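Asks: Have a look at this one.
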Amino acid sequence: MYNVGNRVMNTYLYRIKDGYVMIDTGYENSYQKCTSSMKRQGISWDDVKYIFLTHAHDDHAGFLKEVLDKHLNITCIISDKTFPVLAKGQNSFNGGCSSRLALFFCCIMKILGNGKHLFPAINETYANRLISITKDNITEIESILSGKILFTPGHTTDSISLRVKNLIFCGDAAMNGVPSLHRITIWIENKKEFENSWQVLLSENVEYIYPAHGKRFKSSDLHKFKAKINKIKLYPLE
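Quick note on UniProt numbering: the sequence shown kicks off at 1 and runs consecutively.
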């Protein structure tokens, strides 16, 4: 497994039978840095067969359109709730920041010009490059990915995670590092769903969880901090 992301956003690659699966992309301007990181590991875009998109946010789907435009060999696997957000090209603003620290961070992003959370939209012309997960195809997709798809909404409605062997790629179903506290993601659309998703992650009983932001952590951390979710107050962005 490789991390070809950066200090802000992890972009993981793991090997399957005929190539690699990429977990998320990164911000819109990160394509070239990601390409350079892959090259240092001896991996080209021709080796990447699938992108597993944990959810449609600007830091996860930012250069997805560029990848699909430049590399016709790649297919993107998404939740059945993801496409409307991809087509809009903008994060949903349902919910709110999970702490005052997270709110401060989001306000700084707004001051720096990143408050709209836009990314290149992916419209219906890309339909043949996207596989939306359904109850009818999930078993086949899991076989392709050599993993188990977990539905982990809460951060966003469309959030999904992927178990591969004894680890889970959780996207933003959990975080590890400032401005996140207690492994709790800085933005939550639905607090109850977020709490339930932690239970989904815990029920897999894996050793490590690999978040999109921050270093891997022991899954037992979720058990340690789970009670704090109920005490969260969400701060909407206006």
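Where is the CB? At the ideal position from N, CA and C, for every residue including glycine.
Computed from a predicted model, the values in this text were never measured in an experiment.
Going by beta-carbon coordinates alone, are T25 and F63 separated by less than 7 Å?
Replies: Sequence index remark: in the sequence shown, residue 25 carries index 25 (1-based). Sequence index remark: in the sequence shown, residue 63 carries index 63 (1-based). Yes. Within cutoff.
Asks: Classify F169 as helix, strand or coil using the three-state DSSP reduction.
Replies: Translated into positions along the sequence shown, residue 169 becomes position 169. In this structure, F169 counts as strand in the three-state DSSP scheme.
Asks: From G96, S159, P120, K165, pick the residue whose C-alpha is nearest to that of R15; which is it?
Replies: As a first step, residue 15 is located in the sequence shown; it is residue number 15 there, counting from the start. Per the Cα distances, K165.
Asks: Less than 7 Å between C-beta atoms, sequence neighbours within five positions excluded: which residues of the same chain meet that for M33?
Replies: Reading the sequence shown from its first residue, position 33 is the one you call residue 33. In the sequence on display, residue 33 carries Lys and not Met. If we look at K33 and ignore the five residues flanking it on each side, its Cβ neighbours are N6.
Asks: May I ask you to report which of helix, strand or coil DSSP gives Q199?
Replies: What you label residue 199 is simply residue 199 of the sequence shown in a count that begins at 1. Helix at Q199.
Asks: Could you say if the stretch 121-141 and the stretch 188-205 meet the contact criterion of at least three C-beta pairs nearer than 8 Å?
Replies: At 8 Å Cβ cutoff, the stretches do not touch.
Asks: With DSSP as the reference, label M1 as helix, strand or coil.
Replies: Along the sequence shown, read from residue 1 onward, the residue named residue 1 stands at position 1. Note: M1 maps to coil in three-state DSSP.
Asks: Give the secondary structure of T134 by DSSP, where H, G and I count as helix, E and B as strand, and everything else as coil.
Replies: Here residue 134 corresponds to residue number 134 of the sequence shown, with the count starting at 1. Here T134 sits in coil by DSSP.
Asks: Answer with buried or exposed for V178, where buried requires no fewer than 16 other C-beta atoms within 10 angstroms of its C-beta.
Replies: If you number the sequence shown from 1, residue 178 lands on position 178. Its Cβ having fewer than 16 others within 10 Å, V178 is exposed.
Asks: Name the residue from N10, M22, Y2 whose alpha carbon lies nearest to the alpha carbon of I144.
Replies: As a working note, residue 144 is residue 144 in the sequence shown. Of the candidates N10, M22, Y2, the one whose C-alpha sits nearest the C-alpha of I144 is M22.
Asks: Given 8 Å as the limit, is there contact between the stretch 154-164 and the stretch 79-86, that is, 3 or more CB pairs closer than that?
Replies: Yes, the stretch 154-164 is in contact with the stretch 79-86.
Asks: Return yes when the Cβ of S180 is within less than 7 Å of the Cβ of G186, no when it is not.
Replies: Within the sequence shown, residue 186 is the residue found at index 186, counting from 1. Within the sequence shown, residue 180 is the residue found at index 180, counting from 1. Gly is not the amino acid found at residue 186; the sequence shown has Ile there. Going by C-beta atoms, I186 is nearer than 7 Å to S180.
Asks: On the DSSP letters alone, give me the boundaries of the beta strand (DSSP E) that Y14 sits inside.
Replies: Counted from its first residue, the sequence shown places residue 14 at position 14. That run of the beta strand (DSSP E) goes 12-16.
Asks: On the DSSP bridge assignment, give the partners of C76 in chain order.
Replies: Here residue 76 refers to the residue found at position 76 of the sequence shown. DSSP lists I51, L130 as partners of C76.
Asks: Are there 16 or more other CB atoms within 10 angstroms of the CB of P153, so buried, or fewer, so exposed?
Replies: Reading the sequence shown from its first residue, position 153 is the one you call residue 153. Buried.
Asks: According to DSSP, what are the bridge partners of P236?
Replies: In the sequence shown, the residue the question calls residue 236 occupies position 236. Paired residues: none, contrary to the question.
Asks: Are there 16 or more other CB atoms within 10 angstroms of the CB of Y27, so buried, or fewer, so exposed?
Replies: For the purposes of this step, residue 27 is identified with residue 27 of the sequence shown, where counting begins at 1. Y27 comes out buried.
Asks: Output needed for S146: all residues of its chain with C-beta closer than 6 Å, excluding positions within five of it in sequence on either side, in chain order.
Replies: The residue given as residue 146 occupies position 146 in the sequence shown. Around S146: I16.
Asks: Name the residue from F151, N91, L130, Y12 whose alpha carbon lies nearest to the alpha carbon of L72.
Replies: For this step, residue 72 is matched to residue 72 along the sequence shown. When only C-alpha atoms are compared, the closest one is L130.
Asks: Does DSSP classify Q32 as helix, strand or coil?
Replies: For this step, residue 32 is matched to residue 32 along the sequence shown. If DSSP states are grouped into helix, strand and coil, Q32 belongs with the helices.
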